[in-house]
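**Student:** Before we start, here is the structure in question, set down as structure tokens.
There are 2 protein chains.
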Amino acid sequence: MRVTHRFASRSYSTLNLAKASSKSVFPNERYFKPEIVTGEVPGPKSKELLQNLNNVQDLRTTHFVSDYSKSSGNYIADADGNIYLDTFMQISSIPLGYNHPALIEAAKSEEWVTTAINRPAVGINPSSDYYKLLMDSYMRVAPKGLTQVQPLSTGSEAIENAFKAAFMWYQQNQRGGPTQPFSKEDLDSCMANSAPGSPQLSILSFSTCFHGRSMAALSVTRSKALHKVDIPAFDWPVAPFPHLKYPLDQYEKENRATEDACLAEVEKIIKSCTKPGRYGPVAAVVVEPVQAEGGDRHASPYFFQSLRRITKEQGVIFIVDEVQTGGGGTGKFWAHEHWDLQDSPDIVCFSKKLQAAGFFYKKELTPNMGYRIFNTWLGDPLRALQLRTIIDVIEKDDLLKNVNETGRVLFDGLRQLEKTYGHKGLIKNVRGKGCFGAFDCKDPATRDALIMELRRRGVEAGGSGESTIRLRPALVFTSKHAEIFLNILNECMSKL
Amino acid sequence: MRVTHRFASRSYSTLNLAKASSKSVFPNERYFKPEIVTGEVPGPKSKELLQNLNNVQDLRTTHFVSDYSKSSGNYIADADGNIYLDTFMQISSIPLGYNHPALIEAAKSEEWVTTAINRPAVGINPSSDYYKLLMDSYMRVAPKGLTQVQPLSTGSEAIENAFKAAFMWYQQNQRGGPTQPFSKEDLDSCMANSAPGSPQLSILSFSTCFHGRSMAALSVTRSKALHKVDIPAFDWPVAPFPHLKYPLDQYEKENRATEDACLAEVEKIIKSCTKPGRYGPVAAVVVEPVQAEGGDRHASPYFFQSLRRITKEQGVIFIVDEVQTGGGGTGKFWAHEHWDLQDSPDIVCFSKKLQAAGFFYKKELTPNMGYRIFNTWLGDPLRALQLRTIIDVIEKDDLLKNVNETGRVLFDGLRQLEKTYGHKGLIKNVRGKGCFGAFDCKDPATRDALIMELRRRGVEAGGSGESTIRLRPALVFTSKHAEIFLNILNECMSKL
Chain A
3 MRVTHRFASR SYSTLNLAKA SSKSVFPNER YFKPEIVTGE VPGPKSKELL QNLNNVQDLR
63 TTHFVSDYSK SSGNYIADAD GNIYLDTFMQ ISSIPLGYNH PALIEAAKSE EWVTTAINRP
123 AVGINPSSDY YKLLMDSYMR VAPKGLTQVQ PLSTGSEAIE NAFKAAFMWY QQNQRGGPTQ
183 PFSKEDLDSC MANSAPGSPQ LSILSFSTCF HGRSMAALSV TRSKALHKVD IPAFDWPVAP
243 FPHLKYPLDQ YEKENRATED ACLAEVEKII KSCTKPGRYG PVAAVVVEPV QAEGGDRHAS
303 PYFFQSLRRI TKEQGVIFIV DEVQTGGGGT GKFWAHEHWD LQDSPDIVCF SKKLQAAGFF
363 YKKELTPNMG YRIFNTWLGD PLRALQLRTI IDVIEKDDLL KNVNETGRVL FDGLRQLEKT
423 YGHKGLIKNV RGKGCFGAFD CKDPATRDAL IMELRRRGVE AGGSGESTIR LRPALVFTSK
483 HAEIFLNILN ECMSKL
Chain B
3 MRVTHRFASR SYSTLNLAKA SSKSVFPNER YFKPEIVTGE VPGPKSKELL QNLNNVQDLR
63 TTHFVSDYSK SSGNYIADAD GNIYLDTFMQ ISSIPLGYNH PALIEAAKSE EWVTTAINRP
123 AVGINPSSDY YKLLMDSYMR VAPKGLTQVQ PLSTGSEAIE NAFKAAFMWY QQNQRGGPTQ
183 PFSKEDLDSC MANSAPGSPQ LSILSFSTCF HGRSMAALSV TRSKALHKVD IPAFDWPVAP
243 FPHLKYPLDQ YEKENRATED ACLAEVEKII KSCTKPGRYG PVAAVVVEPV QAEGGDRHAS
303 PYFFQSLRRI TKEQGVIFIV DEVQTGGGGT GKFWAHEHWD LQDSPDIVCF SKKLQAAGFF
363 YKKELTPNMG YRIFNTWLGD PLRALQLRTI IDVIEKDDLL KNVNETGRVL FDGLRQLEKT
423 YGHKGLIKNV RGKGCFGAFD CKDPATRDAL IMELRRRGVE AGGSGESTIR LRPALVFTSK
483 HAEIFLNILN ECMSKL
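So this is what it looks like as structure tokens:
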């Protein structure tokens, strides 16, 4: 089966695309289009490689085996020579597409080579370039109000250490401030994992949320049973996340009532957990700006403003998990910028699109002593170098503007498809910001069939939640790419 | 203060060093020697950079600010132009010294560049090169009996996921095998972090052990209260680690009795925790081949053989944490190879010197379904590329042989110093394998003073435990470097 596509019918577009397509920075991307040359996907080479791989590493989850040397921009090539327009981008973790020339150039520099092969224990022997690197990478995108950064290696590691910082802060306040010493009882009892040194404290998270898979991160994760079953968990409380009606602007009143009910529950849980009991006092609330893995669930700025207010009133740390939303996909660098907060979150966690992971935090959350938030590597300066180039390109090429422009084309098109195919249960609840979008199918089987149909026609897409398709293109996804995607989606939907 | 040193008095050496020094692969290392050009360490430039750094990242733990572009082989340069012989090597995490030519060459290759800038979600879209890479890196050093690898990003992440694999295996056995489905009760209850879906199971670890700092890893860590205080912990049991008398060969009988007492306690804990109670059933025992952070505590092959036997008899997973010991420092690639086990450990965790992290495991520990041990990146293929070159160099340059040869010089010298300065409380309990060595001072203050004195004379060294100095040189540390170190250590001890 060789599938070819009419390019850019323009039926979905409101923009002049000539400019966008002529200024592609990728030398090869212009020659690419979604093109499947094997009878089925994954093709025979992918399958053979996968069989070998699964003999030594558990890779049953693989979509197909990719050829990164042949991928370019928004197109990913596979081992069989198939070319896919990639709207999923490695689970939302590639900001500039494949083989961006600026990253190729940066990776060839002496600075990269030296940094790559001399990975330091940053907390012991940071490099003399490191201060400048911090300022040119992380600190350039530090969320307003957060003056400190703790680089780490993964999103889960960021979450785990953010929790630790919150617990330390909470206990420090109980002791009466940073200059108060630990008691002997604290120091002795923690060695046996017992209170008061290992206190019964909790983190409040929301139904259908996802915050990672290491064991504390997994304890707050509530998206899917398969992630959690068989694993011991901290018995921490959960509040309902508002499940809103879309489009949000048509259901403002109902949605406000839903959000208010959830907020009341948050406040009730925090107030009822002030002493040891089933849960123990809540030290922090953690929330995603958009529940991504849980099925792209949105809430309004009002909801998040209220969470900020409640946590502040109750003396609880407010952690915003921007692991999936951070890095520009929503049309702002941080999704929480859409909320227009008076007072910033206390902690913002990041990873994925930034390539470097960690968390930003307010100065007062700095532990009272060194070595308390610590590990061998404390992140990877190589990935900070990469982040520096990523930010350079986002600024130079005005990629947030591109995301917003493309987003308009994308969502106009999706809403048009919703009108056409909504009755078939193929697309409803179109929602999103920037190009960080999603829609639901009527059931999981339909969603899975649609993803497979897209892949057969040369589009790589990802699912989430029960029956959602989530769009996570790179920041270099233009209106032209959106049109190609919409055309193929249209074909799939007319066929299913 | 400009300190210069007599090189190679030969008083400690039993080897002809001419060969070792002439074949250095580092173009610059021959011109290097420990040389302090500032009045104090850290020098003024280090201090200024640190002040800036601490404004944005908590780096109070820093020894000095390094200049990696000027470092070579076993010598690390700092921001002030001081040169240190590095016996600590970024907390034991640099295998081939600084700027090894083979790594420079590898890092300049197109393969490195492509891999660096197209970091995949390995579980979704692995690269077509990935199978070959797995076989040429991880699988080339897979411990005997362990046919599977799970690449991850850090040592803590390896530990957390090894625990998850053990818990899944334990619960699967409770259900009656991999084909038995989860019950509805399991799937529902785990979403509320409650049993039976989130079961009360535990991991047994040892007193004074260290396994990492994310919250499950921290729950088994027992080395220092400062790591643990204020952080909620899983209430898991602890067994006494044998605190042996050194030298081991002089106290075999007493040490055996100590080990037997500890082993009896391990067996007693496992047997007493077979149903939910304070701890819950023990799913796994985790142990370091040498307790490193806890103060370089050794145990005999008999102890570890017995642990393997007991865990097998009791149906408990045996996890060996080789995060610090793995990669050749003990004179074998894996420290557990020194034990001559009949049946291999079930899981071996690694990170640090391998640059790539993860765990090896027995096939029967593969989860019954995909997505259960999973995250976005599942390690970093770039670091696997680095590991491939590291293994190439270890093999080509016969570095394990070098480690063992250097170790003999190192330990002969340390024992000689113990005879000379033991009475001053400066050095006792000299112990180690390969170049993975340590000695104790009489108290923490003396240890800290000795580390500072070494640094002032151009040697970077690291502490551990209460009052221990641990030696963690790179695998390219030759007898010549050992002699330089011993000479300076001698000077320090004669002065203190």
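Taken in order, these protein sequences are the chains called A and B.
Residues in the first sequence are numbered from 3 upward in steps of one, following our numbering.
Residues in the second sequence are numbered from 3 upward in steps of one, following our numbering.
Just so you know, even glycine gets a beta-carbon here, dropped at the ideal spot from N, CA and C.
From this set, A:Ser48, A:Ile471, A:Phe320, which residue's C-alpha is nearest Tyr133 (chain B)'s C-alpha?
**Tutor:** The sequence position of residue 133 (chain B) within the second sequence is 131, counting from 1. Minimum Cα distance to Tyr133 (chain B) is reached at A:Ser48.
**Student:** So Gly436 (chain A) and Gly331 (chain A) are in contact, right, with Cβ under 8 angstroms, and what is the actual spacing, rounded?
**Tutor:** As a working note, residue 436 (chain A) is residue 434 in the first sequence. As a working note, residue 331 (chain A) is residue 329 in the first sequence. Their Cβ separation, rounded to whole angstroms, is 6 angstroms, which keeps Gly436 (chain A) and Gly331 (chain A) in contact under 8 angstroms.
**Student:** Residues of chain D with CB closer than 7 angstroms to the CB of Trp238 (chain B), please, in chain order.
**Tutor:** The structure shown contains no chain D; the protein chains it does contain are A and B.
**Student:** Tell me which residue opens and which closes the beta strand (DSSP E) that Asp69 (chain A) is part of.
**Tutor:** The residue you call residue 69 (chain A) lines up with position 67 of the first sequence. For Asp69 (chain A), the enclosing beta strand (DSSP E) stretches over residues 68–74.
**Student:** What are the complete alpha helix (DSSP H) segments, minimum 4 residues, inside the region 44–118 of chain A?
**Tutor:** 46–58, 91–94, 103–109
**Student:** Would you call the CB atoms of Trp238 (chain A) and Leu367 (chain A) closer than 8 angstroms?
**Tutor:** Start at 1 with the first residue of the first sequence, and residue 238 (chain A) comes out as number 236. Start at 1 with the first residue of the first sequence, and residue 367 (chain A) comes out as number 365. Cβ distance not < 8 angstroms, so Trp238 (chain A) and Leu367 (chain A) don't count as in contact.
**Student:** Taking the C-alpha atoms as reference points, what is the distance between Asp262 (chain A) and Phe305 (chain A)?
**Tutor:** To locate residue 262 (chain A), count along the first sequence from 1; it is residue 260. To locate residue 305 (chain A), count along the first sequence from 1; it is residue 303. Their Cα atoms are separated by approximately 8 angstroms.
**Student:** Report whether the distance from the Cβ of Asn30 (chain B) to the nearest heavy atom of the ligand FAD is below 7 angstroms.
**Tutor:** With respect to small molecules bound, the structure shown includes none, and the ligand FAD cannot be examined in it.
**Student:** Could one say the Cβ of Tyr423 (chain A) lies closer than 8 angstroms to chain B's Cβ atoms, at least one of them?
**Tutor:** Numbered from 1 along the first sequence, position 421 holds the residue referred to as residue 423 (chain A). No, no contact with chain B.
**Student:** If we call anything under 8 angstroms between Cβ atoms a contact, is Ser155 (chain B) one with Trp379 (chain B)?
**Tutor:** The residue given as residue 155 (chain B) occupies position 153 in the second sequence. The residue given as residue 379 (chain B) occupies position 377 in the second sequence. Against a cut-off of 8 angstroms, the Cβ pair of Trp379 (chain B) and Ser155 (chain B) comes out as a contact.
**Student:** Between the C-alpha atoms of Ile93 (chain A) and Ala227 (chain A), what's the straight-line distance to the nearest angstrom?
**Tutor:** The residue labelled residue 93 (chain A) in the question sits at position 91 within the first sequence. The residue labelled residue 227 (chain A) in the question sits at position 225 within the first sequence. Rounded to the nearest angstrom, the two C-alpha atoms are 20 angstroms apart.
**Student:** Does the Cβ-Cβ distance between Asp442 (chain A) and Ser469 (chain A) come in under 8 angstroms?
**Tutor:** Stepping through the first sequence from its first residue, residue 442 (chain A) is reached at position 440. Stepping through the first sequence from its first residue, residue 469 (chain A) is reached at position 467. Contact flag set, yes.
**Student:** Whole angstroms is fine: what's the gap from Glu267 (chain B)'s alpha carbon to Ala440 (chain B)'s?
**Tutor:** Sequence index remark: in the second sequence, residue 267 (chain B) carries index 265 (1-based). Sequence index remark: in the second sequence, residue 440 (chain B) carries index 438 (1-based). Roughly 27 angstroms between the two C-alpha positions.
**Student:** CB-CB under 6 angstroms to Ser73 (chain B), same chain, minus the five flanking residues each way: which ones, in chain order?
**Tutor:** In the second sequence, residue 73 (chain B) corresponds to position 71, counting from 1. Taken in chain order, the residues that qualify are Ala79, Tyr100.
**Student:** Cα-Cα, which of B:Asp131, B:Thr260, B:Ala219 is closest to Tyr248 (chain B)?
**Tutor:** Position 246 of the second sequence holds residue 248 (chain B). The option with the nearest alpha carbon to Tyr248 (chain B) is B:Thr260.
**Student:** For Val287 (chain A), name the three-state secondary structure that DSSP assigns.
**Tutor:** If you number the first sequence from 1, residue 287 (chain A) lands on position 285. DSSP places Val287 (chain A) in strand when its eight states are reduced to three.
**Student:** For the beta strand (DSSP E) containing Tyr248 (chain B), list its first residue and its last residue.
**Tutor:** As a position in the second sequence, residue 248 (chain B) is number 246, starting the count at 1. Judged by DSSP secondary structure, Tyr248 (chain B) falls outside any beta strand (DSSP E); it is assigned neither H nor E.
**Student:** What is the residue span of the alpha helix (DSSP H) that Phe505 (chain A) lies within?
**Tutor:** This structure gives no information on residue 505 (chain A), because the portion of chain A shown stretches from 3 to 498.
**Student:** Taking 8 angstroms as the threshold (C-beta atoms), are Cys192 (chain B) and Val243 (chain B) in contact?
**Tutor:** Residue mapping note: residue 243 (chain B) aligns to position 241 of the second sequence, counting from 1. Residue mapping note: residue 192 (chain B) aligns to position 190 of the second sequence, counting from 1. Per the sequence shown, residue 243 (chain B) should be read as Phe rather than Val. Cβ atoms of Phe243 (chain B) and Cys192 (chain B): not closer than 8 angstroms.
**Student:** Drop a sphere of 10 angstroms on the beta-carbon of Lys421 (chain A), count the other beta-carbons inside from all chains shown, and report buried for 16 or more, exposed for fewer.
**Tutor:** Within the first sequence, residue 421 (chain A) is the residue found at index 419, counting from 1. Exposed: under 16 other Cβ atoms inside 10 Å.
**Student:** Exposed or buried, what is Glu254 (chain B) when buried is set at 16 or more other beta-carbons lying within 10 Å of its beta-carbon?
**Tutor:** As a working mapping, residue 254 (chain B) is identified with position 252 in the second sequence. Answer is exposed; the Cβ neighbour count stays below 16.
**Student:** Does DSSP classify Ser466 (chain B) as helix, strand or coil?
**Tutor:** For the purposes of this step, residue 466 (chain B) is taken as the residue at position 464 of the second sequence. Three-state DSSP puts Ser466 (chain B) in a strand.
**Student:** Show which residues of chain A have a CB atom less than 8 angstroms away from the CB atom of Asp394 (chain B).
**Tutor:** Position 392 of the second sequence, counted from the start, is the residue given in the question as residue 394 (chain B). Those do not exist, as Asp394 (chain B) stays about 14 angstroms from chain A at its closest Cβ, beyond 8 angstroms.
**Student:** Would you say Trp336 (chain B) reaches chain A, if we count a Cβ-Cβ gap shorter than 8 angstroms as a contact?
**Tutor:** Your numbering for residue 336 (chain B) matches position 334 in the second sequence. Not one chain A Cβ lies under 8 angstroms of Trp336 (chain B).
**Student:** Apart from the five residues on each side of it in sequence, which residues of its chain come closer than 6 angstroms, Cβ to Cβ, to Phe438 (chain A)?
**Tutor:** To locate residue 438 (chain A), count along the first sequence from 1; it is residue 436. For Phe438 (chain A), where only same-chain residues beyond five positions count, the Cβ hits under 6 angstroms are Gly331, Thr332.
**Student:** Which partner residues does Phe320 (chain A) have in the DSSP bridge list?
**Tutor:** Counting from one through the first sequence, the residue named residue 320 (chain A) turns up at place 318. Paired residue(s): A:Val287.
**Student:** Leaving out five residues on either side along the sequence, give the residues of the same chain with a beta carbon under 7 angstroms from the beta carbon of Arg458 (chain B).
**Tutor:** On the second sequence, position 456 is the one that residue 458 (chain B) refers to. Excluding sequence neighbours, Arg458 (chain B) sits near Ile38, Val43.
**Student:** So Phe66 (chain A) contacts chain B; which residues on that side make the cut at Cβ distance below 7 angstroms?
**Tutor:** Within the first sequence, numbered from 1, the residue matching residue 66 (chain A) stands at position 64. Simply Asn127.
**Student:** DSSP three-state call for Cys264 (chain B): helix, strand or coil?
**Tutor:** Indexing the second sequence from 1 puts residue 264 (chain B) at position 262. Helix at Cys264 (chain B).
**Student:** Name the chain B residues whose beta carbon is nearer than 8 angstroms to that of Gly157 (chain A)?
**Tutor:** Taking the first sequence and counting its residues from 1, the one referred to as residue 157 (chain A) is at position 155. Under the 8 angstroms cutoff, chain B gives Asn377, Thr378.
**Student:** Of all the options A:Ile271, A:Ser158, A:Cys264, A:Pro180, which has the alpha carbon lying nearest to the alpha carbon of Arg215 (chain B)?
**Tutor:** Indexing the second sequence from 1 puts residue 215 (chain B) at position 213. Taking only the C-alpha atoms, the option nearest Arg215 (chain B) is A:Ser158.
**Student:** Residues in the region 102–119 of chain A with C-beta within 9 angstroms of chain B's C-beta atoms, listed in sequence order?
**Tutor:** His102, Leu105, Ile106, Ala108, Ala109, Lys110, Glu112, Glu113, Trp114, Val115, Thr116, Thr117, Ala118, Ile119
**Student:** Examine chain A for any beta-carbon lying closer than 8 angstroms to the beta-carbon of Thr368 (chain B), and answer yes or no.
**Tutor:** Residue mapping note: residue 368 (chain B) aligns to position 366 of the second sequence, counting from 1. At least one chain A Cβ lies under 8 angstroms of Thr368 (chain B).
**Student:** Count the other CB atoms, across all protein chains shown, that sit within 10 Å of the CB of Lys354 (chain B); report buried if there are 16 or more and exposed otherwise.
**Tutor:** Locating residue 354 (chain B) in the second sequence gives position 352, counting from the first residue. Burial of Lys354 (chain B) is indicated by the presence of at least 16 other C-beta atoms within 10 angstroms of its C-beta.
**Student:** Please report the distance separating the alpha-carbon of Glu187 (chain A) from that of Pro198 (chain A).
**Tutor:** Taking the first residue of the first sequence as position 1, residue 187 (chain A) is located at position 185. Taking the first residue of the first sequence as position 1, residue 198 (chain A) is located at position 196. Taking the straight line from one Cα to the other gives about 7 angstroms.
**Student:** In this structure, does DSSP put Val478 (chain A) in helix, strand or coil?
**Tutor:** Against the first sequence, residue 478 (chain A) aligns to sequence position 476. If DSSP states are grouped into helix, strand and coil, Val478 (chain A) belongs with coil.
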